[in-house]
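Chemist:
Residue numbers (my numbering), protein chains in the order written: chain A, 392 to 710; chain B, 392 to 710.
1. I want to know whether the stretch 587-596 of chain B touches the stretch 532-542 of chain B - three or more CB-CB distances under 8 Å.
2. Start and end of the beta strand (DSSP E) containing residue 617 of chain A?
3. I want to see whether chain B comes within less than 8 Å of residue 529 of chain A, judged by CB atoms only; does it?
4. Does residue 469 of chain B come within less than 8 Å of chain A when only Cβ atoms are used?
5. Please list the terminal residues of the continuous alpha helix (DSSP H) segment that includes residue 586 of chain A.
6. Could you tell me whether any Cβ in chain B is nearer than 8 Å to the Cβ of residue 542 of chain A?
7. Is there contact between the stretch 605-623 of chain B and the stretch 556-575 of chain B, where contact requires at least three CB pairs shorter than 8 Å?
8. When burial is assigned at 16 or more other CB atoms within 10 Å of the CB, is residue 586 of chain B buried or exposed?
9. Just to make sure I have the definition right: I need the residues of chain B whose C-beta is within less than 8 Å of the C-beta of residue 608 of chain A. Which are they?
10. Could you tell me which of A:502, A:436, A:484, A:683 sits nearest to residue 612 of chain A, measuring between CA atoms?
11. With distances taken Cα to Cα, identify the nearest neighbour of residue 689 of chain A among A:614, A:549, A:659.
12. List, in chain order, every chain A residue whose beta-carbon is nearer than 9 Å to that of residue 472 of chain B.
13. Considering only C-alpha positions, which residue in the set B:526, B:510, B:461, B:517 is nearest to residue 421 of chain B?
14. Let me confirm a value: residue 558 of chain A is counted as buried when at least 16 other C-beta atoms fall within 10 Å, else exposed. Which label applies?
15. Candidates B:427, B:633, B:417: which alpha carbon is nearest residue 358 of chain A's?
16. Between the Cα of residue 608 of chain A and the Cα atoms of A:533, A:575, A:664, which residue gives the shortest distance?
17. DSSP on residue 685 of chain B, reduced to helix/strand/coil?
18. Taking 8 Å as the CB-CB limit, is residue 652 of chain A close to chain B?
19. Kindly give me the distance between the Cβ atoms of residue 657 of chain B and residue 702 of chain B, rounded to whole angstroms, as I take these residues to be in contact under 8 Å.
20. With 9 Å as the C-beta to C-beta threshold (strictly closer), list the residues of the stretch 486-517 of chain B near chain A in chain order.
21. Label residue 512 of chain A either buried or exposed according to how many other C-beta atoms from any shown protein chain fall within 10 Å of its C-beta, with 16 as the threshold for buried.
22. I believe residue 590 of chain B touches residue 485 of chain B by the beta-carbon criterion, under 8 Å. Please report the beta-carbon distance rounded to the nearest angstrom.
23. Beta carbons nearer than 8 Å to chain B: which residues of the stretch 675-700 of chain A have them?
24. Which residues share a DSSP beta bridge with residue 339 of chain A?
25. Grab the span of the beta strand (DSSP E) containing residue 521 of chain A for me, first residue to last.
26. Relative to the C-alpha of residue 454 of chain B, which residue among B:645, B:654, B:567 is closest?
27. Specify the secondary structure class of residue 558 of chain B as computed by DSSP and reduced to three states.
28. Sort out for me which residues DSSP pairs residue 452 of chain B with in a bridge.
29. Do you know how far the Cα of residue 504 of chain A is from the Cα of residue 501 of chain B?
30. If you draw a straight line from the C-alpha of residue 491 of chain A to the C-alpha of residue 578 of chain A, how long is it?
31. Counting only Cβ pairs nearer than 9 Å, list the residues of chain A close to residue 445 of chain B.
32. Looking only at its own chain, which residues have a Cβ that is under 6 Å from the Cβ of residue 625 of chain B, when we skip the five neighbours before and after it?
33. In chain A, which residues lie less than 9 Å from residue 576 of chain B when you measure between Cβ atoms?
34. At 9 Å on the CB atoms, spell out the chain A contacts of residue 435 of chain B, in chain order.
35. Can you pull the chain B residues whose beta carbon is under 9 Å from the beta carbon of residue 418 of chain A, in chain order?
36. According to DSSP, which residues form a beta bridge with residue 711 of chain B?
What follows is the structure, given as structure tokens:
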């Protein structure tokens, strides 16, 4: 199966030798360090057991690319492990491989190795993704500094609202908004162009997978800092604005829902003009939503009336 | 859980940053290429569902190190993914991590990243292992040449016989032999010292995981060659010799059983003295068992009477 379905995804020469050997050989360009990330996704945990093969493939790869972007790395290659339930048919695997091929094209990366086993258990897929960056330039969570501005890319909350649409919890939303939100849930857009451009600019960065508040909390905890963000400044898509206008209580889901796969980064306030220029160049909103201060890892969220919002335990689940 | 149990396995600085970031950064030494291999193992497929945590950890890592050795790479680091059934207790995970720590010590490698999820399905563990070698020196399956001698390291067949012992199929074997064979099944000994020494010497190499005959077949198919091996020359441990002496039919299991994790390599006949010197230096038997010739990927096995052995479809299962 590997030979027929997956070998065409791998180049015939180095590094993967068409998946014909025991291992792949990867020779990073001179002066570049390799960035390595890994995500495992299991049916029934990260996606419903009956999920479309193409959506699983897309999400799996893009979640990994988002991690690379958060470190400032450019994606290059990946390896794939599949534990396939015995009742998965070849058609499912074929669709999965077809979607991977399209992703490789979109993101300019190649399959360099993998392993497939049949399992009596659930479908479990693991990707290890490889990126490169100038040695020593990686972005960390732990370097946020007092006085830094907190920025996010794109728009926040679409995926969490899209999940609510899929669950039938937002029946009154206009169809085009419902479609847009569902699409953002199904198809993360990893900020692969932005990440490598931040290595000279940002002090700390993370991708938003657990939710804006939680991931900013991770940065604060790792940096030994605290942060305050202004909820009204958090950028929303047109669809999310419509949903929140109809039910302001949804703002909690926006701030705490996961699966955004936008980048959150902090940088010195003096760099605001450089951030604005980068935003124009990439045609991607980069919005200042708050500030870093000395502190103990805590995150405050201030609402439009200047009051602290209590977000509570959000218990975000990925589906 | 990751923080408490696995973070101590990862260095606080680069490349893993104590597992605190989205990804690991790995900067191979100058002039070294990175070799990457991946194995996924699932409960009920590669090991029994109730297998000891330490044995799972050992086998998982060592199988990957064997793949690196087959390419000629020195092991350096690994990432780990765990899909943990909800009923696995912390004690199991703790034992698993403890065994990994001991393996890291034995093989001089570090954990640089990973991902853990709870799953309603079976335990599935994936390791991606990283090794390094001088750029361009990797050993391939596909470079065997007509006239090459076929060598194997160590002794062949112990793991397959050990599995038979575990299944109660060899009740008359002396207890010390039974113990030795079971141990070889449970604890592969990846030839990490030998592999990197073969890059200057061997034309083709592979590790024996599917069985001697099948893996030599892989080399022949990839190289567009054929091979003939002499069954009486295949090196057996004392325990395996005792088992085969009692039941000569077991020789088929020796030649076709998997999980040996010895290295099979081919090299020019003129290099015999260099192979012999290397064997003495590493204190590891390296035994010539046959020859490569022009051909179509086939493997002939000749018995003590000069007759072709018919090995048939062996259907080796890993437990």
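C-beta: ideal position from N, C-alpha, C; glycine also.
None of the values given here were measured: they were computed from a predicted structure.
Modeler: The short version:
1. Contact between the stretch 587-596 of chain B and the stretch 532-542 of chain B is present: 3 or more CB-CB pairs across the two stretches fall below 8 Å.
2. From DSSP, the beta strand (DSSP E) with residue 617 of chain A extends over 616-621.
3. Answer yes: the Cβ-Cβ gap between residue 529 of chain A and chain B drops below 8 Å somewhere.
4. No - not a single Cβ of chain A is within 8 Å of the one on residue 469 of chain B.
5. Residue range 585-588 is occupied by the alpha helix (DSSP H) that includes residue 586 of chain A.
6. Residue 542 of chain A does not count as touching chain B.
7. Contact check between the stretch 605-623 of chain B and the stretch 556-575 of chain B: fewer than three CB pairs, one atom from each, fall below 8 Å, which does not count as touching.
8. It is buried - the Cβ of residue 586 of chain B has at least 16 other Cβ atoms within 10 Å.
9. The premise fails here: residue 608 of chain A is roughly 13 Å from chain B at the closest Cβ pair, so nothing lies under 8 Å.
10. Of the candidates A:502, A:436, A:484, A:683, the one whose C-alpha sits nearest the C-alpha of residue 612 of chain A is A:683.
11. Closest option to residue 689 of chain A, judged by alpha-carbon separation, among A:614, A:549, A:659: A:614.
12. Listed along the chain, the chain A residues whose CB falls inside 9 Å of the CB of residue 472 of chain B are 429, 430, 431, 472, 515, 517, 519.
13. Measuring C-alpha to C-alpha distances from residue 421 of chain B to each of B:526, B:510, B:461, B:517 identifies B:526 as the nearest.
14. With fewer than 16 other Cβ atoms within 10 Å, it is exposed.
15. Within the shown structure, residues of chain A are numbered from 392 to 710, placing residue 358 of chain A beyond reach of any answer.
16. For residue 608 of chain A, the closest C-alpha among the options A:533, A:575, A:664 is that of A:533.
17. If DSSP states are grouped into helix, strand and coil, residue 685 of chain B belongs with the strands.
18. Interface annotation, residue 652 of chain A: not in contact with chain B, CB-CB separation never under 8 Å.
19. The C-beta distance from residue 657 of chain B to residue 702 of chain B rounds to 20 Å, too long to fall under 8 Å, and the pair is not in contact.
20. Those residues of the stretch 486-517 of chain B that come within reach of chain A (Cβ to Cβ, closer than 9 Å) are 503, 504, 505, 506, 507, 508, 509, 510, 511, 512, 513, 514, 515, 517.
21. With a 10 Å radius around the Cβ and a threshold of 16 neighbouring Cβ atoms, residue 512 of chain A comes out buried.
22. Rounded, the Cβ-Cβ distance is 38 Å, inconsistent with contact.
23. Residues: none.
24. Nothing about residue 339 of chain A can be reported from this structure: the residues present for chain A run from 392 to 710 only.
25. Going by DSSP, residue 521 of chain A is part of the beta strand (DSSP E) stretching over 515-525.
26. Restricting attention to B:645, B:654, B:567, the CA atom closest to the CA of residue 454 of chain B is found in B:654.
27. Reduced to three states, the DSSP call for residue 558 of chain B is coil.
28. By DSSP's assignment, residue 452 of chain B forms no beta bridge with any residue.
29. For residue 501 of chain B and residue 504 of chain A, the distance between alpha carbons rounds to 21 Å.
30. Residue 491 of chain A and residue 578 of chain A have their C-alpha atoms spaced approximately 13 Å apart.
31. Those within 9 Å of residue 445 of chain B in chain A number zero; the least Cβ separation is about 21 Å.
32. Same-chain partners within the cutoff: 547, 680.
33. Listed along chain A, no residue sits closer than 9 Å to residue 576 of chain B by beta-carbon distance, the nearest being about 19 Å off.
34. The answer, in chain order, is 510, 511, 512.
35. Simply 419, 423, 424, 425, 526, 527.
36. Absent from the structure is residue 711 of chain B, since the part of chain B shown begins at 392 and ends at 710.
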